[in-house]
Each structure stands twice: as structure tokens, then as C-alpha cells.
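**Student:**
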Amino acid sequence: MNRIEKLQKQLDEWNIDGLMINGDWNRRYISGFTGSNGVVLVTHNDARLITDYRYLGQARNQTSLDIVLHKEHTGHKHKIYDEVAKQVKQMNIKRLGFEQQHLNFGNYSKLKGLIDSELIPTFDVVENIRMVKSLDEIEKIRTSSKITDNAFVHILNFIRPGVTELEVAGELENFIKNNGGITSTFSPIVASGNRASQPHGRASDKIIEQGDMITIDFGANYNGYWSDISRVVSMGEPSEKMKEIQQVVLQSFTNCATNIKAGLTDREVDKYMRDILIETGFNEFSGTGTGHGIGLEVHEKPLFSVDSENILLPGMVVTIEPGIYLQGIGGARIEDMLLITEDSCEVLSPSAKELVIL
67 MNRIEKLQKQ LDEWNIDGLM INGDWNRRYI SGFTGSNGVV LVTHNDARLI
117 TDYRYLGQAR NQTSLDIVLH KEHTGHKHKI YDEVAKQVKQ MNIKRLGFEQ
167 QHLNFGNYSK LKGLIDSELI PTFDVVENIR MVKSLDEIEK IRTSSKITDN
217 AFVHILNFIR PGVTELEVAG ELENFIKNNG GITSTFSPIV ASGNRASQPH
267 GRASDKIIEQ GDMITIDFGA NYNGYWSDIS RVVSMGEPSE KMKEIQQVVL
317 QSFTNCATNI KAGLTDREVD KYMRDILIET GFNEFSGTGT GHGIGLEVHE
367 KPLFSVDSEN ILLPGMVVTI EPGIYLQGIG GARIEDMLLI TEDSCEVLSP
417 SAKELVIL
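Written out as C-alpha cells, the structure is:
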């Protein structure tokens, strides 16, 4: 069953005649179209991509959907909804579902004034389909993960006292770009010394010094699909406290990765990670989440939480990322990419997770 067919099966569940998709990543997933201006309309027996004349050639190359061009392009994306309204009437859609988290109020109001159809808010319809990856998607993620893993191995020979965090981040980005990946919108986190207490401490001009423990969190994009890992290295011997928290984080990660498999809920996955943090007294210093799905976006469903009950399925690709952050002292985080299988998982980013002392 292809993506359109999976989506069409969802229409009856939402009691709608058609679904309008305008979220960038959802549009790309359903249609293959990567242009910046487009809307997809899907009914039980039809699927159309609406865009403007600038993207005609691109759309023809990227999608098998019927292509509809709106006649006027003025540089304003909201103009496309005039054509959407025409197509909704032509396709006889009486109850039109829309992505409530992607359609802004201005465009909602405009469309509501143009059509007689009832507008029905939907949530995560395409996102839920995206959670289970196809074989083609998995291969792209494998390639992306390999580029990222190789970048980590490379950077171990670059880090030394006197270089700045920004220089380390720049070297990572250059390696990724020179090896078939890109890093747009995902600047590497390089946080050394007490700056590692900031979970999302972007690289700064701080100079790396002897004794600094360094958290590195970065990824690569290959052909639209992301990878994401975190590793901890030390410039010489770190303090005993920093060694301790790195070991706890590693134990937490290992406990979770060893037990993760299809059929677990988000809450159960979170518990496997958090049990170790609670036992060692560090849970209150772990403010970040357990992990997240990854694919077209760095962070996508499933998003692990004690408050949700999504069930892991074979073919999902997720990260696990326990961390401990001691304000004014430092921190540590380990993150890996895992492909969920029936009875376990496959680690897609196998580079060393133990503390690397340089």
C-alpha cells in the first residue's frame, strides 16, 4: 500500500471527504514535491498537487499526482488558496479536513470565505503514517547515520587544547558536506567544561582547555533524511564527578537500548531510561526528553514522554538520549539512532559511546 492509499484509508476515520495538506514535510512525504509553495488535496479517488508556474518543471519531475497551477503568482503564498477553493468545489469535497497545526489563521479565514465546504480540523494524520519508515527511507537514514558516525571519528583527531567550540563545529560541518551530507538548520552543539550544563549549548568562541569534558550533538541530512547523535569526549582526565555522570548516562542509555523493541509504549521506553537516573539520584538533573522519532525532520513522532501512550512498531527509527546537566559544573548526553525491530532494535550509529579521553 502506497502513501496515498494509506492516507485515503484515514479519511473515513476522520469523517471527511478530503484532506488538505499544506505542512511542508507532510506535503513532501505524500507527493515527493520539494518546492516551497504547494498544497495537496486528497479524496477517496483523487489526489492533486496545487502549486504555481515557477515549479511546473520541478513538480513534473518529482510527483505522480495530478498537477494544478494557480494562474497568478504575486510572491504571496496565500494566493494559492484561491485555486485550492476552486479545486475543492470541483472535487465535490463537502467536509474538508485541514492540518490544524500547519494552517495559519489568516489562510484558514481566507479559505473559509471562499468555499461552502465545512472545514474540519485534523491532527497528525500524515505524521502518524510517517512514523513507520519504508525500506527506501531506512536506507537513506542508514547513509545519513554513517556520514555522522564517520564525522565523529574524524573530529577525535581534530579536537585539542586551544581550539574553540566553533572551530570544532565548523570542522564537523565541513566533513559532513565533503562526504555527501548537509547540515542546514541543525548547527552542531559543542559544549565544553561548565557550558556542557546547557542541554542545547550551541558552539561558542570558548577555547577548549585541558580537563574539559565536551558534549557534542550533531547530525547530517542525506537526500532529505536526518541522523542525530550525541557523544562525550574529554580533553585529558576529567573530574571524578564528570566521570560519574557520564557513566550514569551510559548505563541509562544501555538499559533503554537493550530493552527497547516493538510493542513498548512511550511511557515504558521512558521508564527504562529513567530508572537508572532515579536509582542514582540524578533524575532531577535530567531535564531533556527520552528521545524522539527522526526522518524528514530531526524531531518527529514518536516523541517519548511519560504522558503519552504511542506504541513502538517495527520500522520506526528513533533516538534515545539520556542526559545529566549540573549547573555551573558541566553535563553529559549520549544519543544514538535505533531502528525498531520485532524483538529488539538495530543500532544505526555504532561509534563508541564510552567516554573518549583525548
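Be aware that the sequence shown starts at 67, since it is given in the numbering used here, and climbs by one per residue.
All C-beta atoms, glycine included, are put in the ideal place defined by N, C-alpha and C.
All figures in this text were calculated on a predicted structure; none of them were measured in a lab.
1) Apply the 10 Å Cβ neighbour rule to Leu404 and answer buried if 16 or more other Cβ atoms are within range, or exposed otherwise.
2) Suppose the cutoff is 8 Å on Cβ atoms and the five residues either side in sequence are ignored; what does the same chain contact list for Ile147 look like?
3) Going by alpha carbons, who is nearest to Ile213 out of Trp292, Ile225, Val314 and Ala151?
4) Taking 7 Å as the cut-off, decide whether the C-beta atoms of Glu237 and Lys272 are in contact.
5) What is the residue span of the alpha helix (DSSP H) that Glu237 lies within?
6) Closest to Ser258 by CA distance: which of Thr249, Val229, Lys243 and Gly285 is it?
7) Just confirm the distance between the C-beta atoms of Trp80 and Ile186, as a whole number of angstroms; I'd bet it's less than 8 Å.
8) What's the gap between the Cα of Gly123 and the Cα of Thr188?
9) Report the option in Asp132, Val150, Asp190 and His110 whose CA atom is closest to the CA atom of Asn92.
10) With DSSP as the reference, label Lys284 as helix, strand or coil.
11) Can you check which of these residues, Ser296, Arg340, Gly247 and Lys243, is closest to His266 by C-alpha distance?
12) Roughly how many angstroms lie between the CA atoms of Asn244 and Asp294, to the nearest whole one?
13) Please classify Thr249: is it buried, with 16 or more other beta-carbons within 10 angstroms of its beta-carbon, or exposed?
14) Assuming Gly285 and Phe319 are in contact, meaning their beta carbons sit under 8 Å apart, how far apart are those beta carbons, in whole angstroms?
15) Do Met301 and Leu424 come within 7 Å of each other at the CB atom, strictly closer than that value?
16) Using CA atoms only, rank isn't needed, just tell me which of Ile326, Ile311 and Cys322 is closest to Phe351.
17) Counting pairs of Cβ atoms below 8 Å between the segment 376–384 and the segment 320–330, do you hit three or more?
18) Please go through the same chain and pick out, in chain order, the residues whose beta-carbon is closer than 7 Å to the beta-carbon of Leu316, but skip the five residues on each side of it.
19) Since Pro187 sits in a beta bridge, which residues does DSSP pair it with?
20) Check whether the segment 220–228 and the segment 95–115 touch, using three or more Cβ-Cβ pairs below 8 Å as the test.
21) For Asp118, which beta-bridge partners are listed by DSSP?
22) Return yes when the Cβ of Gly389 is within less than 7 Å of the Cβ of Glu354, no when it is not.
23) Taking all protein chains shown into account, do 16 or more other C-beta atoms lie within 10 angstroms of the C-beta of Arg126, making it buried, or fewer, making it exposed?
24) What's the C-alpha gap between Ser183 and Arg161?
25) Taking the alpha carbon of Ile282 as the reference point, which residue from Glu233, Ile344 and Glu149 has its own alpha carbon closest?
26) If we count the other Cβ atoms within 10 Å of its Cβ and call it buried at 16 or more, is Asp132 buried or exposed?
27) So which of Ile204, Ala398 and Leu73 has the shortest CA-CA distance to Val384?
28) Report the rounded CA-to-CA distance for Phe370 versus Ile274, giving the unit in angstroms.
29) Which of helix, strand or coil does DSSP assign to Asp402?
30) Using the Cα positions of Gln276 and Phe348, report the straight-line distance between them to the nearest angstrom.
31) As a quick exercise: from Val192, Leu73, Gln156 and Asn111, pick the residue whose alpha carbon is nearest that of Gly89.
32) Taking its Cβ as the centre, do 16 or more other Cβ atoms sit within 10 Å of Phe241, making it buried, or is it exposed?
33) Use the C-beta contact count for Leu201: other C-beta atoms within 10 angstroms, 16 or more gives buried, fewer gives exposed.
34) Starting from the Cα of Ile395, find the closest Cα among Asp341, Ser130 and Met279 and give me that residue.
35) Grouping DSSP H, G and I as helix and E and B as strand, with all else coil, what is Leu414?
36) Using only alpha-carbon positions, find the residue among Gln313, Ile195 and Asn289 that is nearest to Val299.
**Tutor:** So, from the listed chains and residues:
1) buried
2) Looking at the sequence provided, one finds Tyr at residue 147 rather than Ile. Cβ contact annotation for Tyr147 (same chain, cutoff 8 Å, sequence separation greater than five): Val105, Asn173, Lys176, Leu177 and Leu180, in chain order.
3) Trp292
4) no
5) First-last of the alpha helix (DSSP H) with Glu237: Glu231 to Asn244.
6) Here the closest residue by C-alpha is Val229.
7) 7 Å
8) 31 Å
9) Asp190
10) With the sequence shown as reference, residue 284 is identified as Phe, and Lys is not the correct amino acid for it. In this structure, Phe284 counts as strand in the three-state DSSP scheme.
11) Considering only alpha carbons, the answer is Ser296.
12) 18 Å
13) Burial call: buried.
14) That pair is no contact at about 17 Å.
15) yes
16) Ile311
17) yes
18) Ile400, Lys419 and Glu420
19) Its beta-bridge partners are Phe164.
20) No: fewer than three Cβ pairs fall under 8 Å.
21) Answer by DSSP bridge pairing, in chain order: His136.
22) Note that residue 354 corresponds to Thr in the displayed sequence, not to Glu. Cβ distance < 7 Å, so Thr354 and Gly389 count as in contact.
23) exposed
24) Roughly 6 Å separates the two Cα atoms.
25) Glu233
26) exposed
27) Shortest Cα-Cα distance from Val384 to any of Ile204, Ala398 and Leu73 involves Ile204.
28) 33 Å
29) strand
30) Taking the straight line joining both Cα atoms gives about 26 Å.
31) Val192
32) Result: buried.
33) With fewer than 16 other Cβ atoms within 10 Å, it is exposed.
34) Considering only Asp341, Ser130 and Met279, the residue with the shortest C-alpha distance to Ile395 is Met279.
35) coil
36) Gln313
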